[in-house]
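Structure first, commentary second.
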Amino acid sequence: MKTRRFIFGCVILAGVSFANAQPQRPAASPERPAVSPQGNGNPLMNGLDMNRAETSFVLNVNPMNGEKREMLNKVASNYRSRNRSILTDFGNAMLAGGVAAVVNVIGTEIVNLTQIRSKQKKAWQEMRQKECTFIDSLQSVKGQSDFYARQSEYGPLDPSDMNFDGITLNANRGGKEVLRMVCHLDTTKFQHLFLHSKFYLVVDTIVFYPYRSFLPNLKANHIQQPRKGKASQDEIDYWNTISQFSFDEQQSPTVNIKIDLYSSWINELVQVFQDVKLGSFSVNIPISQDQLTDSVYFYSRKQAIAQHRPLIDVEGDCFVVPRSYMPVSANNPSWGTGEYKMKVTLSEQCRYNPTEGRSKNWHRDYKQLVRMQKGKAGNEYLGDIVTTFRDNKNTILKATYTPVLNALPGMMGIGSSARGATSVPSGGAPGGMPQGR
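Numbering (the working numbering), first residue to last: 5 to 441.
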(Lines of atoms letter the chains of each structure in order from A; the text may use other names.)
(Lines give C-alpha, C1' and ligand atoms only; values in the text may rest on other atoms or scores of the structure.)
Protein backbone atom coordinates (compact mmCIF):
# COMPACT_ATOMS: atom_id res chain seq x y z
CA MET A 5 0.00 0.00 0.00
CA LYS A 6 2.84 2.42 0.85
CA THR A 7 4.50 1.66 -2.48
CA ARG A 8 1.29 2.41 -4.38
CA ARG A 9 0.85 5.73 -2.56
CA PHE A 10 4.46 6.67 -3.23
CA ILE A 11 4.20 5.86 -6.95
CA PHE A 12 0.93 7.75 -7.42
CA GLY A 13 2.35 10.71 -5.48
CA CYS A 14 5.35 10.79 -7.81
CA VAL A 15 3.05 10.70 -10.82
CA ILE A 16 1.05 13.67 -9.56
CA LEU A 17 4.20 15.69 -8.73
CA ALA A 18 5.72 14.97 -12.12
CA GLY A 19 2.46 15.94 -13.83
CA VAL A 20 2.46 19.24 -11.93
CA SER A 21 6.05 20.03 -12.95
CA PHE A 22 5.39 19.27 -16.59
CA ALA A 23 2.09 21.14 -16.67
CA ASN A 24 3.64 24.26 -15.18
CA ALA A 25 6.30 24.22 -17.89
CA GLN A 26 3.84 24.25 -20.78
CA PRO A 27 3.69 27.40 -22.96
CA GLN A 28 0.63 29.57 -23.19
CA ARG A 29 -1.71 28.79 -26.08
CA PRO A 30 -1.84 31.44 -28.84
CA ALA A 31 -4.66 33.96 -28.99
CA ALA A 32 -7.85 32.57 -30.41
CA SER A 33 -9.24 33.68 -33.74
CA PRO A 34 -12.60 35.49 -33.87
CA GLU A 35 -14.16 32.40 -35.46
CA ARG A 36 -13.11 30.07 -32.65
CA PRO A 37 -12.88 31.78 -29.26
CA ALA A 38 -10.44 30.59 -26.65
CA VAL A 39 -11.72 27.86 -24.34
CA SER A 40 -8.65 27.16 -22.22
CA PRO A 41 -9.69 26.38 -18.65
CA GLN A 42 -8.61 28.41 -15.70
CA GLY A 43 -7.81 25.34 -13.65
CA ASN A 44 -9.94 26.17 -10.58
CA GLY A 45 -6.88 25.85 -8.37
CA ASN A 46 -5.86 22.43 -9.68
CA PRO A 47 -2.08 22.58 -10.36
CA LEU A 48 -2.38 19.84 -12.97
CA MET A 49 -4.33 22.22 -15.20
CA ASN A 50 -1.82 25.10 -15.24
CA GLY A 51 -0.57 25.72 -18.76
CA LEU A 52 -2.48 22.82 -20.33
CA ASP A 53 -3.87 23.50 -23.78
CA MET A 54 -7.56 22.86 -24.43
CA ASN A 55 -6.52 21.28 -27.74
CA ARG A 56 -5.02 18.45 -25.69
CA ALA A 57 -8.30 17.77 -23.95
CA GLU A 58 -9.74 14.38 -24.76
CA THR A 59 -13.29 15.69 -24.37
CA SER A 60 -14.61 19.16 -23.72
CA PHE A 61 -18.04 20.74 -23.57
CA VAL A 62 -18.40 24.52 -23.80
CA LEU A 63 -21.71 26.31 -23.28
CA ASN A 64 -21.97 30.00 -24.13
CA VAL A 65 -25.01 32.18 -23.45
CA ASN A 66 -26.03 34.22 -26.49
CA PRO A 67 -26.65 37.89 -25.54
CA MET A 68 -29.74 39.51 -27.02
CA ASN A 69 -28.98 42.17 -29.62
CA GLY A 70 -30.44 45.65 -29.49
CA GLU A 71 -32.92 45.15 -32.35
CA LYS A 72 -34.51 42.08 -30.77
CA ARG A 73 -34.56 43.70 -27.31
CA GLU A 74 -36.30 46.78 -28.75
CA MET A 75 -38.91 44.50 -30.36
CA LEU A 76 -39.50 42.77 -27.02
CA ASN A 77 -39.78 46.07 -25.15
CA LYS A 78 -42.38 47.34 -27.62
CA VAL A 79 -44.54 44.30 -26.95
CA ALA A 80 -44.05 44.87 -23.22
CA SER A 81 -45.12 48.51 -23.56
CA ASN A 82 -48.32 47.49 -25.36
CA TYR A 83 -49.28 45.06 -22.61
CA ARG A 84 -48.49 47.54 -19.84
CA SER A 85 -50.79 50.13 -21.41
CA ARG A 86 -53.67 47.64 -21.06
CA ASN A 87 -53.10 46.56 -17.48
CA ARG A 88 -50.06 47.59 -15.48
CA SER A 89 -50.81 45.19 -12.61
CA ILE A 90 -51.00 41.94 -14.61
CA LEU A 91 -47.30 41.17 -14.40
CA THR A 92 -47.01 42.03 -10.72
CA ASP A 93 -50.11 40.09 -9.61
CA PHE A 94 -49.34 37.02 -11.68
CA GLY A 95 -45.70 37.11 -10.65
CA ASN A 96 -46.46 37.31 -6.94
CA ALA A 97 -48.90 34.41 -7.22
CA MET A 98 -46.29 32.27 -8.93
CA LEU A 99 -43.49 33.18 -6.53
CA ALA A 100 -45.51 32.18 -3.47
CA GLY A 101 -44.66 28.50 -3.99
CA GLY A 102 -41.66 26.36 -4.84
CA VAL A 103 -40.93 23.10 -6.58
CA ALA A 104 -38.86 20.18 -5.37
CA ALA A 105 -38.28 16.79 -6.94
CA VAL A 106 -36.07 13.85 -6.20
CA VAL A 107 -35.42 11.14 -8.74
CA ASN A 108 -33.87 7.89 -7.73
CA VAL A 109 -32.66 5.44 -10.31
CA ILE A 110 -32.12 1.87 -9.19
CA GLY A 111 -30.79 -0.76 -11.54
CA THR A 112 -30.82 -4.48 -10.98
CA GLU A 113 -29.31 -7.31 -12.96
CA ILE A 114 -30.09 -11.03 -12.93
CA VAL A 115 -27.63 -13.38 -14.60
CA ASN A 116 -28.50 -16.90 -15.54
CA LEU A 117 -25.58 -19.14 -14.59
CA THR A 118 -26.97 -22.41 -15.90
CA GLN A 119 -25.08 -22.39 -19.16
CA ILE A 120 -21.69 -20.76 -19.70
CA ARG A 121 -22.22 -19.93 -23.35
CA SER A 122 -25.64 -18.35 -22.81
CA LYS A 123 -24.18 -16.34 -19.94
CA GLN A 124 -21.40 -15.10 -22.18
CA LYS A 125 -23.83 -14.23 -24.95
CA LYS A 126 -25.93 -12.20 -22.55
CA ALA A 127 -22.85 -10.43 -21.16
CA TRP A 128 -21.70 -9.62 -24.70
CA GLN A 129 -25.12 -8.23 -25.61
CA GLU A 130 -25.07 -6.03 -22.52
CA MET A 131 -21.59 -4.76 -23.37
CA ARG A 132 -22.67 -3.96 -26.92
CA GLN A 133 -25.74 -2.15 -25.62
CA LYS A 134 -23.60 -0.03 -23.30
CA GLU A 135 -21.41 0.91 -26.24
CA CYS A 136 -24.50 2.31 -27.94
CA THR A 137 -25.10 5.05 -25.36
CA PHE A 138 -23.02 8.08 -24.43
CA ILE A 139 -24.30 10.62 -21.90
CA ASP A 140 -22.47 13.56 -20.39
CA SER A 141 -23.51 16.91 -18.99
CA LEU A 142 -22.19 20.28 -17.96
CA GLN A 143 -23.92 22.60 -15.55
CA SER A 144 -23.67 25.85 -13.67
CA VAL A 145 -22.07 25.60 -10.27
CA LYS A 146 -21.97 29.20 -9.09
CA GLY A 147 -25.00 30.24 -11.11
CA GLN A 148 -25.33 32.48 -14.14
CA SER A 149 -26.19 36.14 -13.60
CA ASP A 150 -28.12 38.92 -15.31
CA PHE A 151 -30.90 37.17 -17.19
CA TYR A 152 -32.08 40.76 -17.74
CA ALA A 153 -29.95 43.76 -18.67
CA ARG A 154 -31.67 46.14 -16.21
CA GLN A 155 -33.74 46.21 -13.05
CA SER A 156 -37.52 46.60 -13.30
CA GLU A 157 -40.17 48.57 -11.48
CA TYR A 158 -43.04 46.64 -13.06
CA GLY A 159 -42.84 43.27 -11.31
CA PRO A 160 -40.90 40.04 -10.74
CA LEU A 161 -41.80 38.53 -14.14
CA ASP A 162 -41.33 41.61 -16.29
CA PRO A 163 -39.51 40.27 -19.40
CA SER A 164 -38.33 43.69 -20.58
CA ASP A 165 -34.63 44.14 -21.33
CA MET A 166 -34.05 40.38 -21.45
CA ASN A 167 -30.34 39.64 -21.79
CA PHE A 168 -30.67 35.90 -22.52
CA ASP A 169 -31.04 34.87 -26.16
CA GLY A 170 -30.43 31.12 -26.24
CA ILE A 171 -27.15 29.19 -26.13
CA THR A 172 -24.26 27.94 -28.23
CA LEU A 173 -23.00 24.46 -27.35
CA ASN A 174 -19.67 23.03 -28.53
CA ALA A 175 -18.54 19.44 -27.93
CA ASN A 176 -14.98 18.44 -28.81
CA ARG A 177 -13.03 15.20 -28.76
CA GLY A 178 -9.27 14.93 -29.10
CA GLY A 179 -9.05 18.61 -29.99
CA LYS A 180 -11.55 18.29 -32.86
CA GLU A 181 -15.10 19.51 -33.03
CA VAL A 182 -17.80 16.85 -32.73
CA LEU A 183 -20.92 18.99 -32.36
CA ARG A 184 -21.91 22.64 -32.54
CA MET A 185 -25.47 23.77 -31.86
CA VAL A 186 -26.72 27.37 -31.88
CA CYS A 187 -30.23 28.26 -30.72
CA HIS A 188 -32.01 31.55 -30.01
CA LEU A 189 -35.32 32.79 -28.61
CA ASP A 190 -38.31 32.22 -30.85
CA THR A 191 -39.31 35.79 -31.75
CA THR A 192 -42.62 34.61 -33.24
CA LYS A 193 -43.78 33.71 -29.72
CA PHE A 194 -42.87 36.91 -27.86
CA GLN A 195 -46.52 37.35 -26.87
CA HIS A 196 -46.30 34.17 -24.78
CA LEU A 197 -43.92 36.08 -22.49
CA PHE A 198 -46.87 38.26 -21.45
CA LEU A 199 -49.72 35.78 -21.79
CA HIS A 200 -48.04 32.81 -20.07
CA SER A 201 -44.68 34.15 -18.76
CA LYS A 202 -42.91 31.58 -20.95
CA PHE A 203 -40.31 31.69 -23.68
CA TYR A 204 -39.40 29.24 -26.44
CA LEU A 205 -36.26 28.41 -28.42
CA VAL A 206 -35.50 27.63 -32.06
CA VAL A 207 -32.45 25.84 -33.49
CA ASP A 208 -30.52 28.02 -35.94
CA THR A 209 -27.49 25.83 -36.70
CA ILE A 210 -26.31 22.28 -36.06
CA VAL A 211 -22.98 20.86 -37.24
CA PHE A 212 -22.26 17.23 -36.34
CA TYR A 213 -19.33 14.97 -37.28
CA PRO A 214 -20.54 11.37 -36.82
CA TYR A 215 -17.13 9.85 -37.52
CA ARG A 216 -15.67 11.86 -34.62
CA SER A 217 -18.59 11.09 -32.34
CA PHE A 218 -18.52 9.51 -28.87
CA LEU A 219 -19.89 6.25 -30.29
CA PRO A 220 -19.04 3.47 -29.85
CA ASN A 221 -18.63 4.32 -26.18
CA LEU A 222 -16.12 1.62 -25.21
CA LYS A 223 -15.32 3.42 -21.97
CA ALA A 224 -18.78 2.48 -20.73
CA ASN A 225 -17.30 -1.04 -20.40
CA HIS A 226 -14.01 0.28 -18.91
CA ILE A 227 -12.13 -0.60 -22.08
CA GLN A 228 -9.07 1.49 -22.83
CA GLN A 229 -6.94 1.69 -25.94
CA PRO A 230 -4.15 -0.93 -25.81
CA ARG A 231 -0.58 0.34 -25.78
CA LYS A 232 2.11 -0.65 -28.22
CA GLY A 233 4.67 -2.83 -26.49
CA LYS A 234 2.11 -3.88 -23.88
CA ALA A 235 -0.38 -5.59 -26.20
CA SER A 236 -0.23 -7.92 -29.16
CA GLN A 237 -0.60 -6.56 -32.66
CA ASP A 238 -3.84 -8.51 -32.97
CA GLU A 239 -5.30 -6.67 -29.98
CA ILE A 240 -4.17 -3.30 -31.35
CA ASP A 241 -5.64 -4.07 -34.77
CA TYR A 242 -8.88 -5.19 -33.17
CA TRP A 243 -9.14 -1.98 -31.17
CA ASN A 244 -8.55 0.08 -34.30
CA THR A 245 -11.44 -1.77 -35.94
CA ILE A 246 -14.07 -1.65 -33.20
CA SER A 247 -13.31 1.86 -31.88
CA GLN A 248 -14.23 3.58 -35.16
CA PHE A 249 -17.76 4.78 -35.78
CA SER A 250 -19.54 2.94 -38.59
CA PHE A 251 -23.11 3.26 -39.81
CA ASP A 252 -23.03 -0.51 -40.39
CA GLU A 253 -22.20 -1.24 -36.75
CA GLN A 254 -23.76 1.79 -35.03
CA GLN A 255 -27.16 1.88 -36.67
CA SER A 256 -29.74 4.68 -36.46
CA PRO A 257 -27.58 7.12 -34.47
CA THR A 258 -29.43 9.92 -32.70
CA VAL A 259 -28.11 13.03 -30.98
CA ASN A 260 -30.13 14.60 -28.16
CA ILE A 261 -29.47 17.86 -26.34
CA LYS A 262 -31.50 18.65 -23.23
CA ILE A 263 -31.44 22.04 -21.52
CA ASP A 264 -32.78 22.48 -17.97
CA LEU A 265 -33.05 25.93 -16.46
CA TYR A 266 -33.21 26.69 -12.71
CA SER A 267 -33.56 29.89 -10.73
CA SER A 268 -33.19 31.27 -7.20
CA TRP A 269 -34.98 34.37 -5.90
CA ILE A 270 -36.52 36.15 -2.92
CA ASN A 271 -40.07 37.49 -3.02
CA GLU A 272 -41.85 40.37 -1.28
CA LEU A 273 -42.66 38.13 1.69
CA VAL A 274 -38.92 37.58 2.24
CA GLN A 275 -39.29 33.94 1.20
CA VAL A 276 -36.19 32.47 -0.43
CA PHE A 277 -36.45 29.89 -3.22
CA GLN A 278 -33.32 27.99 -4.22
CA ASP A 279 -32.69 26.16 -7.52
CA VAL A 280 -36.32 25.91 -8.61
CA LYS A 281 -36.68 24.28 -12.02
CA LEU A 282 -38.40 26.63 -14.47
CA GLY A 283 -38.48 24.50 -17.60
CA SER A 284 -36.71 22.24 -20.07
CA PHE A 285 -35.92 22.14 -23.77
CA SER A 286 -35.03 19.08 -25.82
CA VAL A 287 -33.60 18.78 -29.33
CA ASN A 288 -33.62 15.33 -30.94
CA ILE A 289 -31.62 14.82 -34.14
CA PRO A 290 -31.73 11.47 -35.97
CA ILE A 291 -28.72 11.10 -38.27
CA SER A 292 -28.71 9.06 -41.47
CA GLN A 293 -25.80 8.50 -43.81
CA ASP A 294 -27.56 10.04 -46.80
CA GLN A 295 -27.89 13.35 -44.92
CA LEU A 296 -24.11 13.84 -44.79
CA THR A 297 -22.10 16.14 -47.01
CA ASP A 298 -18.37 15.33 -46.97
CA SER A 299 -19.04 13.15 -43.89
CA VAL A 300 -20.61 16.09 -42.01
CA TYR A 301 -24.24 16.62 -40.96
CA PHE A 302 -25.21 20.27 -41.36
CA TYR A 303 -28.50 21.99 -40.57
CA SER A 304 -29.38 25.63 -41.09
CA ARG A 305 -32.83 26.91 -40.14
CA LYS A 306 -32.48 29.75 -42.65
CA GLN A 307 -31.68 27.34 -45.49
CA ALA A 308 -34.43 24.92 -44.45
CA ILE A 309 -37.04 27.69 -44.60
CA ALA A 310 -35.76 28.92 -47.97
CA GLN A 311 -35.80 25.39 -49.42
CA HIS A 312 -39.13 24.43 -47.78
CA ARG A 313 -37.53 21.55 -45.89
CA PRO A 314 -38.65 20.29 -42.45
CA LEU A 315 -37.38 22.25 -39.47
CA ILE A 316 -35.75 20.74 -36.40
CA ASP A 317 -38.13 21.38 -33.52
CA VAL A 318 -37.20 22.32 -29.97
CA GLU A 319 -39.59 20.60 -27.61
CA GLY A 320 -40.51 22.21 -24.30
CA ASP A 321 -40.76 25.70 -22.85
CA CYS A 322 -39.55 27.64 -19.84
CA PHE A 323 -40.93 30.28 -17.47
CA VAL A 324 -39.06 33.56 -17.54
CA VAL A 325 -36.53 33.88 -14.74
CA PRO A 326 -38.09 35.61 -11.70
CA ARG A 327 -36.55 38.86 -10.54
CA SER A 328 -35.74 39.11 -6.84
CA TYR A 329 -37.57 41.77 -4.83
CA MET A 330 -35.17 44.52 -3.78
CA PRO A 331 -36.94 47.78 -2.74
CA VAL A 332 -34.85 50.90 -2.75
CA SER A 333 -37.35 52.44 -0.34
CA ALA A 334 -40.84 51.71 0.98
CA ASN A 335 -42.42 53.79 -1.79
CA ASN A 336 -40.05 52.70 -4.54
CA PRO A 337 -40.25 48.92 -5.15
CA SER A 338 -37.76 47.33 -7.51
CA TRP A 339 -36.98 43.90 -8.89
CA GLY A 340 -33.50 42.67 -9.85
CA THR A 341 -31.84 41.26 -12.97
CA GLY A 342 -32.61 37.57 -12.36
CA GLU A 343 -30.28 34.76 -11.24
CA TYR A 344 -30.38 31.42 -13.04
CA LYS A 345 -28.51 28.16 -13.58
CA MET A 346 -28.40 25.85 -16.55
CA LYS A 347 -27.71 22.17 -17.04
CA VAL A 348 -27.11 20.84 -20.55
CA THR A 349 -27.05 17.10 -21.21
CA LEU A 350 -25.64 15.71 -24.44
CA SER A 351 -26.46 12.14 -25.37
CA GLU A 352 -25.72 9.97 -28.39
CA GLN A 353 -27.54 6.70 -28.91
CA CYS A 354 -27.69 4.01 -31.57
CA ARG A 355 -28.47 0.31 -32.12
CA TYR A 356 -25.77 -2.28 -32.69
CA ASN A 357 -26.12 -4.50 -35.73
CA PRO A 358 -27.50 -7.83 -34.40
CA THR A 359 -26.68 -9.92 -37.48
CA GLU A 360 -23.66 -8.52 -39.34
CA GLY A 361 -20.15 -7.36 -38.54
CA ARG A 362 -19.03 -8.12 -35.00
CA SER A 363 -22.24 -10.03 -34.32
CA LYS A 364 -21.30 -12.75 -36.81
CA ASN A 365 -18.53 -13.91 -34.49
CA TRP A 366 -19.82 -12.62 -31.20
CA HIS A 367 -17.82 -15.08 -29.10
CA ARG A 368 -14.47 -13.90 -30.46
CA ASP A 369 -15.61 -10.30 -29.99
CA TYR A 370 -16.62 -11.07 -26.40
CA LYS A 371 -13.24 -12.61 -25.55
CA GLN A 372 -11.37 -9.65 -27.02
CA LEU A 373 -13.50 -7.17 -25.11
CA VAL A 374 -13.02 -9.00 -21.82
CA ARG A 375 -9.27 -9.16 -22.42
CA MET A 376 -9.07 -5.40 -22.91
CA GLN A 377 -11.58 -4.77 -20.11
CA LYS A 378 -9.39 -6.54 -17.57
CA GLY A 379 -6.50 -4.24 -18.41
CA LYS A 380 -4.16 -6.91 -19.78
CA ALA A 381 -3.62 -4.81 -22.90
CA GLY A 382 -3.64 -1.39 -21.30
CA ASN A 383 -2.45 0.69 -18.42
CA GLU A 384 -4.78 2.07 -15.79
CA TYR A 385 -2.74 5.27 -15.59
CA LEU A 386 -3.85 6.08 -19.14
CA GLY A 387 -7.49 6.65 -18.17
CA ASP A 388 -9.13 10.05 -17.80
CA ILE A 389 -7.01 11.70 -15.13
CA VAL A 390 -8.38 15.18 -14.57
CA THR A 391 -11.72 16.89 -15.15
CA THR A 392 -11.74 20.67 -14.94
CA PHE A 393 -14.64 23.15 -14.78
CA ARG A 394 -15.03 26.83 -15.53
CA ASP A 395 -18.21 28.68 -14.70
CA ASN A 396 -18.98 32.37 -15.15
CA LYS A 397 -21.90 34.48 -16.31
CA ASN A 398 -21.29 33.81 -20.01
CA THR A 399 -19.58 30.42 -20.27
CA ILE A 400 -19.69 26.99 -18.67
CA LEU A 401 -16.82 24.67 -19.55
CA LYS A 402 -16.16 21.05 -18.67
CA ALA A 403 -13.10 19.22 -19.97
CA THR A 404 -11.59 15.80 -19.30
CA TYR A 405 -7.85 15.53 -19.87
CA THR A 406 -5.35 12.75 -20.40
CA PRO A 407 -2.35 15.03 -19.84
CA VAL A 408 1.39 14.29 -19.76
CA LEU A 409 0.85 11.58 -17.15
CA ASN A 410 0.54 9.26 -20.15
CA ALA A 411 4.30 9.27 -20.52
CA LEU A 412 5.12 8.92 -16.84
CA PRO A 413 4.35 5.22 -16.24
CA GLY A 414 7.04 4.15 -18.71
CA MET A 415 9.51 6.72 -17.38
CA MET A 416 8.99 5.52 -13.81
CA GLY A 417 8.82 1.81 -14.58
CA ILE A 418 5.13 1.43 -13.75
CA GLY A 419 3.72 -1.58 -15.57
CA SER A 420 0.21 -2.39 -16.72
CA SER A 421 -0.44 -4.37 -13.57
CA ALA A 422 -0.32 -1.27 -11.39
CA ARG A 423 -3.42 -0.50 -9.38
CA GLY A 424 -4.90 2.47 -7.60
CA ALA A 425 -4.83 5.15 -10.30
CA THR A 426 -7.37 7.88 -9.86
CA SER A 427 -9.56 8.50 -12.87
CA VAL A 428 -12.68 10.45 -13.69
CA PRO A 429 -14.81 8.48 -16.15
CA SER A 430 -16.69 10.20 -18.91
CA GLY A 431 -19.82 9.08 -20.66
CA GLY A 432 -21.72 8.13 -17.51
CA ALA A 433 -25.25 9.16 -16.66
CA PRO A 434 -25.35 12.64 -15.13
CA GLY A 435 -26.58 13.36 -11.66
CA GLY A 436 -28.69 16.22 -10.33
CA MET A 437 -27.79 19.86 -9.92
CA PRO A 438 -24.67 20.13 -7.75
CA GLN A 439 -24.41 22.36 -4.74
CA GLY A 440 -20.77 23.12 -5.51
CA ARG A 441 -17.49 21.77 -6.80
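For every residue, glycine included, the Cβ atom is placed at its ideal position computed from N, Cα and C.
This one's a predicted model, so the numbers in the text were calculated from it and none came from an experiment.
Could you give the first and the last residue of the continuous beta strand (DSSP E) run that contains Gln278?
The sequence position of residue 278 within the sequence shown is 274, counting from 1. Per DSSP, Gln278 belongs to the beta strand (DSSP E) from Val276 to Pro290.
Under a Cβ-count criterion, where at least 16 other Cβ atoms within 10 Å of its own Cβ denotes burial, should Leu273 be classed as buried or exposed?
Position 269 of the sequence shown, counting from 1, holds the residue named residue 273. Around the beta carbon of Leu273, a 10 Å sphere encloses fewer than 16 other beta carbons of the protein chains shown; the residue is thus reported as exposed.
Can you list the beta strand (DSSP E) stretches of 3 or more residues lying completely in the segment 296-363, in chain order?
301-304, 319-323 and 343-356
Taking the alpha-carbon of Lys507 as reference, which of Thr59, Asp162 and Gln148 has the nearest alpha-carbon?
Since the first residue shown for the chain is 5 and the last is 441, residue 507 is missing from the structure and cannot be characterised.
Can Glu3 and Arg368 be called in contact, C-beta distance under 8 Å?
Outside the displayed range of the chain (5 to 441) lies residue 3, so it cannot be described from this structure.
Look up Asn77 in the DSSP assignment and say whether it is helix, strand or coil.
As a working mapping, residue 77 is identified with position 73 in the sequence shown. Helix, per DSSP.
Looking only at C-alpha atoms, which of Asn271, Leu315, Thr349 and Lys126 sits nearest to Asp264?
Position 260 of the sequence shown, counting from 1, holds the residue named residue 264. Closest option to Asp264, Cα to Cα, is Thr349.
Taking Asn66 as the reference, give the member of Asn336, Cys187, Tyr301 and Lys281 with the closest Cα.
The residue labelled residue 66 in the question sits at position 62 within the sequence shown. Of the listed residues, the one whose Cα sits closest to Asn66 is Cys187.
Give the secondary structure of Lys397 by DSSP, where H, G and I count as helix, E and B as strand, and everything else as coil.
Taking the first residue of the sequence shown as 1, we reach residue 397 at position 393. Correct three-state label for Lys397: coil.
With DSSP as the reference, identify every bridge partner of Arg177, one or two as the case may be.
Taking the first residue of the sequence shown as 1, we reach residue 177 at position 173. According to DSSP, Arg177 bridges with Thr59 and Lys180.
Do Ile270 and Tyr329 have their beta-carbon atoms positioned less than 8 Å apart in this structure?
Walking along the sequence shown from the start, residue 329 turns up at place 325. Walking along the sequence shown from the start, residue 270 turns up at place 266. Yes, they are a contact pair.
Can you give, in chain order, each stretch of the beta strand (DSSP E) that sits fully within the segment 137-202 and has at least 3 residues?
Counting only runs of 3 or more residues that sit fully inside the segment 137-202, the beta strand (DSSP E) segments are 137-143, 168-177 and 180-189, in chain order.
Which residues in the same chain have their Cβ closer than 6 Å to the Cβ of Lys134, if we skip the five residues on either side of it in sequence?
As a position in the sequence shown, residue 134 is number 130, starting the count at 1. Excluding positions up to five away in sequence, the list reads Ala224 and Asn225.
Around the Cβ of Ser247, are there at least 16 other Cβ atoms within 10 angstroms (buried) or fewer (exposed)?
In the sequence shown, the residue the question calls residue 247 occupies position 243. Its Cβ having fewer than 16 others within 10 Å, Ser247 is exposed.
Closer than 8 Å is the cut-off here; do at least three beta carbon pairs connect the segment 248-257 with the segment 299-307?
At 8 Å Cβ cutoff, the stretches do not touch.
May I ask you to verify whether the segment 273-292 touches the segment 155-166, counting CB pairs closer than 8 Å and requiring at least 3?
Short answer: they don't touch.
Could you check whether Asn64 and Ile171 sit closer than 8 Å to each other, using their CB atoms as the reference points?
For this step, residue 171 is matched to residue 167 along the sequence shown. For this step, residue 64 is matched to residue 60 along the sequence shown. Yes, the pair counts as a contact, with Cβ atoms nearer than the cut-off.
If you draw a straight line from the alpha carbon of Arg327 to that of Trp128, how long is it in whole angstroms?
Position 323 of the sequence shown, counting from 1, holds the residue named residue 327. Position 124 of the sequence shown, counting from 1, holds the residue named residue 128. Their backbone Cα atoms lie some 53 Å apart in a straight line.
Helix or strand or just coil, what does DSSP make of Tyr242?
As a working mapping, residue 242 is identified with position 238 in the sequence shown. It is helical.
Let's see if you can read the secondary structure: which residues bound the alpha helix (DSSP H) around Ser122?
Taking the sequence shown and counting its residues from 1, one reaches residue 122 at position 118. Its alpha helix (DSSP H) spans residues Ile120 to Glu135.
Could you check whether Tyr356 and Arg132 sit closer than 8 Å to each other, using their CB atoms as the reference points?
One-based indexing of the sequence shown puts residue 132 at position 128. One-based indexing of the sequence shown puts residue 356 at position 352. Contact: yes.
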